[in-house]
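Below: the structure, in structure tokens.
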Amino acid sequence: MFCPRCKFEDTSVIDSRLSEEGRAVRRRRECPKCQHRFTTFERQELSSLIVVKRDGTSEPYSRSKLERGIWLSCTKRPIKQDQIDKLLNKLEEKWAANKKEVASTTIGTDVMRELKKLDQVAYIRFASVHREFKDVEEFKEELGRLFK
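Going by our numbering, 515 is the number at position 93 of the sequence shown; the sequence numbering is gapless.
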């Protein structure tokens, strides 16, 4: 693992722990050249999961791409990284269970359901992108459903 500060290529692991309820390994590393310490995570790759997009094209599932979208919805909200990790872990297990493909609409709907429990503002932000609101009326309708 390269040092993110000086790019030295031989860093040392100084501590390893299970995290995310045993779904990942958290490693503390140190660079012997500049003594910079940093953390890395090792997770099981869901490379066999294929996302089928609305237009019919397919692409490999990318946790980082989905996590980026979720974080955009959660900007300036009181949400912690471990909450997002738990949300993604739960949904990834669901999608990977006996499936090779998952529709992007299923991913979006499932994320919205979980965000609605976590933070209503993040939910509305994510829904506005996922459901492709065309105007303020559609936005108001979704807000109305939220408060019923």
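Beta carbons: idealized from backbone N, C-alpha and C, even for Gly.
Looking from the CA of glutamate 489, the closest CA among Ser480, Arg476, Lys508 and Lys475 belongs to Lys508. According to DSSP, residue pairing for isoleucine 472 in a beta bridge involves Pro482 and Glu523. Judged by beta-carbon spacing, alanine 544 lies beyond the 8 Å limit of valine 474, meaning their Cβ atoms are not closer than that value. The beta carbon of alanine 549 sits closer than 7 Å to those of Met534 and Glu564, all from its chain and outside the five residues before and after it, given in chain order. Just so you know, the alpha carbons of serine 495 and isoleucine 529 end up roughly 15 Å apart.
Under a 10 Å Cβ-count criterion, threonine 461 is classified as exposed, with fewer than 16 other Cβ atoms of the shown protein chains found around its own Cβ.
Here phenylalanine 430 has Cys453 and Lys455 as same chain residues with Cβ atoms under 6 Å from its own Cβ, once five neighbours each way along the sequence are excluded.
Counting of Cβ neighbours within 10 angstroms places cysteine 428 among the exposed residues, the total staying below 16. Residue range 503-518 is occupied by the alpha helix (DSSP H) that includes aspartate 507.
The straight-line gap separating the alpha-carbon atoms of arginine 465 and valine 447 is approximately 7 Å. Less than 8 Å separates the beta-carbon of serine 480 from that of isoleucine 472. Unbroken alpha helix (DSSP H) runs of no fewer than 4 residues, entirely contained in the stretch 425-452, are not found.
Around the beta-carbon of threonine 497, fewer than 16 other beta-carbon atoms lie within 10 Å, marking it exposed.
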